[in-house]
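To keep things clear, I will list the structure first and then write my remarks on it.
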Amino acid sequence: KIFANTLFIGKQLISLPSCHSTNEFLAELAVKDTLFEGAVVITENQTKGKGQRGNSWYSEPGKNLTFSVYLRPKFLKPSQQFDLNRIVSLALYDLLKKMCPMAKVYIKWPNDLYVNKKKITGILIENNINQHSIIQSIVGIGLNVNQTDKLLETATSIKEISNVEYELNKVLSDVIMAIEHYYLMLRSNDARLIRQLYEEKLYKKDVVAYYEDKNGKFNGVIRGTEADGVLKIEDESGALRRYQFKEIHFLL
Ligand code: BTN
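Under UniProt numbering, read the sequence shown as residues 3 to 254, first letter to last.
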């Protein structure tokens, strides 16, 4: 079981030996209204994990964390929902910095965590806005912890970086505490600070890189995000281009 020292995240914990997708499972429970805010669903063996852009998320059974957290931030307007992506990214950033102190850690917009230029965590946040404009959020996290075989060329894990094998429950407990820390910060009106911290950790911020949008490839410089999460890239003519998720590709 979990030892997280938290106020609400992880107090309701559903641990399944196997599950199609913890995001889907949590969404089904959310409809039935049987969940407390902070409920967590975790499985050792996710058989049909969902990724961003309609991709799938594969994780070797028993090696990594695949879990979802249910949040209901009544204090956030729908237009502020990207702050959830920010706090979850920051939580994982802190954790990875602690576990891999020698490595370079970045948040790749909107919410991928990269360590030494390889992806280590995928986050899939699925929000529903109810009739009272309250956000119901399912925060799905896949964190590569102890997997060292069968990793994609572009992916890595904590063990691959640090050579240390970690107890999954301990890592889960640390992630949950870090998420709650930033969530409480956001709740106590520190959105400005959250945004600033997020921007500081953005991959390719203020450096020239190569991108592709619907009009073609170009050199540009990420200048940060708008409050709602839109990514701003300055192109070679000095103009600012604005992108929603899926409208821009990083050509690494
Ligand atoms: C990505 O494409 O980078 C996001 C991957 C998100 C995977 C996690 S694993 C736990 C949760 N349940 C899912 O089906 N997906 C998310």
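No residue lacks a Cβ here, since even glycine has one placed at the ideal position from N, Cα and C.
Asked	Found
W111: CB within 7 Å of a non-hydrogen atom of the ligand BTN	no
Helix, strand or coil at Y60 according to DSSP, with G and I counted as helix	coil
Environment of K65 [buried if 16+ CB atoms lie within 10 Å]	buried
Cβ distance (whole Å) where residue 255 is taken to contact Y212 below 8 Å	Given a span of 3 to 254 for the chain in the structure shown, any question on residue 255 remains unanswerable.
Heavy atom of the ligand BTN within 7 Å of residue 255 beta-carbon	Since the first residue of the chain shown is 3 and the last is 254, residue 255 is not available in this structure.
Assigned secondary structure, N217 (DSSP; H/G/I helix, E/B strand, else coil)	coil
Runs of beta strand (DSSP E) wholly within the stretch 186-232 (minimum 3 residues, chain order)	210-215 and 218-227
Neighbourhood of I125 by C-beta, 6 Å cutoff - its chain only, sequence neighbours within 5 removed	V90, N113 and I143
Closer than 7 Å: Q54 CB and nearest the ligand BTN heavy atom	yes
Cβ neighbour criterion (16 or more within 10 Å) applied to T68	buried
Limits of the beta strand (DSSP E) - the one that Y108 falls within	V107 to K110
C-alpha distance - K206 paired with K34, whole-angstrom precision	42 Å
Coarse secondary structure for S139, derived from DSSP in three states	strand
L174 burial status per 10 Å Cβ neighbour count (16 or more: buried)	buried
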